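*Asks:*
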Amino acid sequence: MSDPNTCNTSPLKQQLEQQLKEISTLAEQNMMRLSNEDMCLIQEFETMRKVMTDIVTTAASFYLKCYLSPYTSKYEDLTTCVRHLSERKHGALIVVERKDLLEALIRPNVPIGGMISHALIESIFYPGNPLHDGAVLIRSDVVISAANVLPLSNIQATDQKLGTRHRAAIGLTERCDAIVIVVSEETGQASFAINGALHPINMGNA
């Protein structure tokens, strides 16, 4: 397995530290400007909001690696495949098992039993492949199965921001400690779910 301590030297951590310094500097500058009633700071606050959004995305990418590294040595293959899927807008749902066993929570379908590679996972989610609609289950360095059915979250289906894949990712992680990576086929945006919450990630920086 990968050494989780490598997170401490990750370029993502360095980027996160730089972004935090930037937002701290902006906050201090705007605090000083606030006393000037003739100065409108709306644009400055918009800049701060953009930096905060970037911080959240960077932090999600950083913590995803920290969460997964102890459970698979194939993180780089996962990163590569999700980046490719995102660029091509190929929808995907990838479950990485951690401490909690998942047999009782998912409805299995097609056994795979192959070692993780980005080519294997990309082929499963290629549009038109009979397996592309379900979830891939990963345990350690092995793709256990494909076309798995996950429990859906109770989040209202009328919420237009969440498709079935996203509701499935949230639904499974509401019940266990698994990590579920989602790629939207509409926007190409990659996200991951943990503890019933969904976080956007930037695979270009992961």
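Heads up: the sequence shown begins at -18 in our numbering, then just goes up one per residue.
Beta carbons: idealized from backbone N, C-alpha and C, even for Gly.
Since the model is a prediction, treat every value here as computed from it, not as a measurement.
Nearest to Phe173 by CA position, among Asp58, Ser54, Asp19 and Val77, is which residue?
*Replies:* Sequence index remark: in the sequence shown, residue 173 carries index 192 (1-based). That would be Val77, whose Cα lies nearest to the Cα of Phe173.
*Asks:* Can you grab the Cα-Cα spacing for the pair Cys157 / Gln24, in whole Å?
*Replies:* Stepping through the sequence shown from its first residue, residue 157 is reached at position 176. Stepping through the sequence shown from its first residue, residue 24 is reached at position 43. Approximately 42 angstroms between the Cα atoms of the pair.
*Asks:* Have a look at Tyr107 and Met13 and give me their C-alpha separation to the nearest angstrom.
*Replies:* For this step, residue 107 is matched to residue 126 along the sequence shown. For this step, residue 13 is matched to residue 32 along the sequence shown. Between Tyr107 and Met13, the C-alpha separation is close to 53 angstroms.
*Asks:* Which whole runs of the alpha helix (DSSP H) in the region 26 to 78 are 4 residues long or more, in chain order?
*Replies:* 56 to 69
*Asks:* List the DSSP bridge partners of Arg120.
*Replies:* The residue labelled residue 120 in the question sits at position 139 within the sequence shown. DSSP lists Val123 as partners of Arg120.
*Asks:* Quick one: grab the DSSP three-state call for Ser(-17).
*Replies:* The residue labelled residue -17 in the question sits at position 2 within the sequence shown. In this predicted model, Ser(-17) has a pLDDT of only 40, less than 50, meaning its place in the structure is not dependable; the value taken from the coordinates is given anyway. It is coil, neither helix nor strand.
*Asks:* Which residue wins for smallest C-alpha separation from Val91, given the options Ala116, Leu49, Asp122 and Gly109?
*Replies:* The residue you call residue 91 lines up with position 110 of the sequence shown. The residue with the shortest Cα to Cα distance from Val91 is Ala116.
*Asks:* Would you decide whether Gln(-5) is buried or exposed? Buried here means 16 or more other CB atoms lie within 10 Å of its CB.
*Replies:* Taking the sequence shown and counting its residues from 1, the one referred to as residue -5 is at position 14. By the neighbour-count criterion, in which 16 or more other beta carbons inside 10 Å mark a residue as buried, Gln(-5) falls on the exposed side.
*Asks:* Spatial neighbours of Leu1 within its chain, please: C-beta separation below 8 angstroms, excluding the five flanking residues on both sides.
*Replies:* Translated into the one-based positions of the sequence shown, residue 1 becomes position 20. Closer than 8 angstroms at the Cβ level, and outside the excluded window around Leu1, lie Ile36.
*Asks:* Looking at C-alpha atoms only, which residue of Tyr52, Cys62, Asn183 and Phe43 is the closest neighbour of Leu101?
*Replies:* By one-based count along the sequence shown, residue 101 stands at place 120. That would be Cys62, whose Cα lies nearest to the Cα of Leu101.
*Asks:* Return yes when the Cβ of Leu74 is within less than 8 angstroms of the Cβ of Val161, no when it is not.
*Replies:* Counting from 1 along the sequence shown, the entry for residue 161 is found at position 180. Counting from 1 along the sequence shown, the entry for residue 74 is found at position 93. Going by C-beta atoms, Val161 is nearer than 8 angstroms to Leu74.
*Asks:* Tell me, to the nearest whole angstrom, how far the beta carbon of Leu66 is from that of Val164; I am working on the premise that it is less than 8 angstroms.
*Replies:* As a working note, residue 66 is residue 85 in the sequence shown. As a working note, residue 164 is residue 183 in the sequence shown. Correct: roughly 5 angstroms between the Cβ atoms.
*Asks:* Bridge partners for Phe173 per DSSP, in chain order?
*Replies:* As a working mapping, residue 173 is identified with position 192 in the sequence shown. Its beta-bridge partners are Ile162 and His180.
*Asks:* Assign Met96 to one of three DSSP states: helix, strand, or coil.
*Replies:* For the purposes of this step, residue 96 is taken as residue 115 along the sequence shown, with counting starting at 1. In this structure, Met96 counts as strand in the three-state DSSP scheme.
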